[in-house]
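Undergrad: full-length UniProt numbering applies: residue 1 is where the sequence shown begins, and numbers increase by one.
We treat Cβ as the ideally placed atom computed from N, Cα and C, and that holds for glycine.
Following this message is one structure expressed as structure tokens.
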Amino acid sequence: YCLLVSGGELFDRIVEKGFYTEKDASTLIRQVLDAVNYLHKMGIVHRDLKPENLLYFNPQDESKIMISDFGLSKMEGSGDVMSTACGTPGYVAPEVLAQKPYSKAVDCWSIGVIAYILLCGYPPFYDENDSKLFEQILKADYEFDAPYWDDISDSAKDFISSLMEKDPAKRYTCEQALRHPWIAGDTALCKNIHESVSRQIRKNFAKSKWRQAFNATAVVRHMRRLQLGSSMGSSMDCSLLMRFSVTAPATPCSLASAAASPATGAELSRPHPSAVPAPVLTGTK
Numbered sequence: 001y002c003l004l005v006s007g008g009e010l011f012d013r014i015v016e017k018g019f020y021t022e023k024d025a026s027t028l029i030r031q032v033l034d035a036v037n038y039l040h041k042m043g044i045v046h047r048d049l050k051p052e053n054l055l056y057f058n059p060q061d062e063s064k065i066m067i068s069d070f071g072l073s074k075m076e077g078s079g080d081v082m083s084t085a086c087g088t089p090g091y092v093a094p095e096v097l098a099q100k101p102y103s104k105a106v107d108c109w110s111i112g113v114i115a116y117i118l119l120c121g122y123p124p125f126y127d128e129n130d131s132k133l134f135e136q137i138l139k140a141d142y143e144f145d146a147p148y149w150d151d152i153s154d155s156a157k158d159f160i161s162s163l164m165e166k167d168p169a170k171r172y173t174c175e176q177a178l179r180h181p182w183i184a185g186d187t188a189l190c191k192n193i194h195e196s197v198s199r200q201i202r203k204n205f206a207k208s209k210w211r212q213a214f215n216a217t218a219v220v221r222h223m224r225r226l227q228l229g230s231s232m233g234s235s236m237d238c239s240l241l242m243r244f245s246v247t248a249p250a251t252p253c254s255l256a257s258a259a260a261s262p263a264t265g266a267e268l269s270r271p272h273p274s275a276v277p278a279p280v281l282t283g284t285k
């Protein structure tokens, strides 16, 4: 069944706040982990978790978070091996881009990316050149940049690193993440970080940005050329090769519901974290 939610999007609510802390972010992520853990126990992999798909149930301050848009979701263990390169650029796990068979661990990676953004306001991976962007993701090459992370606890960074682990076999599951001290304990700081986080969110996540789902089959071919050392392939912009689709506007559905399939034909627009240098590279089913 479908459920009408009226509380608005996650980023909008954060920007509108006057006070926002690590503890607030921890509480938000715990709700997401609880919901995704339930999905995983039911054998459902969302495959497109991102802040835009996290909606508040109602406008009240105590409103719960709802997960929406199940257009790319998949039942795990149904006999088919998940291998389709799908998701949203910036949130997709390395094994998806590598076109390896993958599991529900891809959702846990995405939750790590969301947690990262909630604590600084900008994405962990960014480059003007799409091929370099995907190289960063494939290597799990991200940093906790100064000064934006100077006031964030080591516990929060450890939590994110446990979810944004390149090896899906070593990556935290939802159950493990729910037991982490940053979620289950009292290590999340109560210092107000609203000014810096909201400023970065306004810069990097305009209302119309990062709403596109994509099919990365062509990107996979391009990345293979990069791996083979093709100078022509490495100089190509992946945006010329990728086929995109925009998730059609729909009434957000409850955890047990699925949204309509995406429609095709839109060009990707990705935010530029203007105040943050790009990380330095260290080398369907």
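Near D151, which residues of its chain fall below 7 Å by C-beta distance, leaving aside the five closest residues on each side in sequence?
TA: What you label residue 151 is simply residue 151 of the sequence shown in a count that begins at 1. So the list reads K191 and I193, once near-sequence residues are dropped.
Undergrad: Assuming the contact rule is C-beta atoms closer than 8 Å, S63 and G7 should be a hit. Round their C-beta distance to whole Å, please.
TA: As a first step, residue 63 must be located in the sequence shown, where it is residue number 63. As a first step, residue 7 must be located in the sequence shown, where it is residue number 7. With 8 Å as the limit, S63 and G7 qualify as a contact, their Cβ atoms being about 5 Å apart.
Undergrad: Count the C-beta pairs between the stretch 53 to 73 and the stretch 124 to 131 that are closer than 8 Å, then say yes if the count reaches three, no if not.
TA: no
Undergrad: I need the DSSP call for residue 292, collapsed to helix, strand or coil.
TA: In the structure displayed, the chain extends from 1 to 285; residue 292 sits before or after that span and is not available.
Undergrad: Which residues in the same chain as A93 place their Cβ atom closer than 6 Å to its Cβ, once the five residues preceding and following it in sequence are excluded?
TA: On the sequence shown, position 93 is the one that residue 93 refers to. V106 and W109, listed in sequence order.
Undergrad: May I ask you to report which of helix, strand or coil DSSP gives T21?
TA: Locating residue 21 in the sequence shown gives position 21, counting from the first residue. Looking at T21 - three-state DSSP - the assignment turns out to be strand.
Undergrad: Three or more C-beta pairs closer than 8 Å, one from the stretch 169 to 176 and one from the stretch 4 to 23: is that the case here?
TA: no
Undergrad: Would you mind giving the Cβ-Cβ distance between K23 and A188, rounded to the nearest angstrom? I have them listed as a contact below 8 Å.
TA: Numbered from its first residue, the sequence shown carries residue 23 at position 23. Numbered from its first residue, the sequence shown carries residue 188 at position 188. That belief holds up - the Cβ atoms of K23 and A188 are roughly 4 Å apart, short of 8 Å.
Undergrad: Counting only the same chain and skipping the five closest in sequence on each side, list residues whose C-beta sits under 6 Å from that of A25.
TA: As a working mapping, residue 25 is identified with position 25 in the sequence shown. If we look at A25 and ignore the five residues flanking it on each side, its Cβ neighbours are L118 and L119.
Undergrad: For D107, verify whether its CB is less than 8 Å away from any heavy atom of the ligand FAD.
TA: In the structure shown, the ligand FAD is absent, as is every other ligand, since no ligand is present at all.
Undergrad: Does K203 come out as helix, strand or coil in the three-state DSSP assignment?
TA: Counting from one through the sequence shown, the residue named residue 203 turns up at place 203. In the structure shown, K203 sits in a helix (DSSP, three-state: H, G or I).
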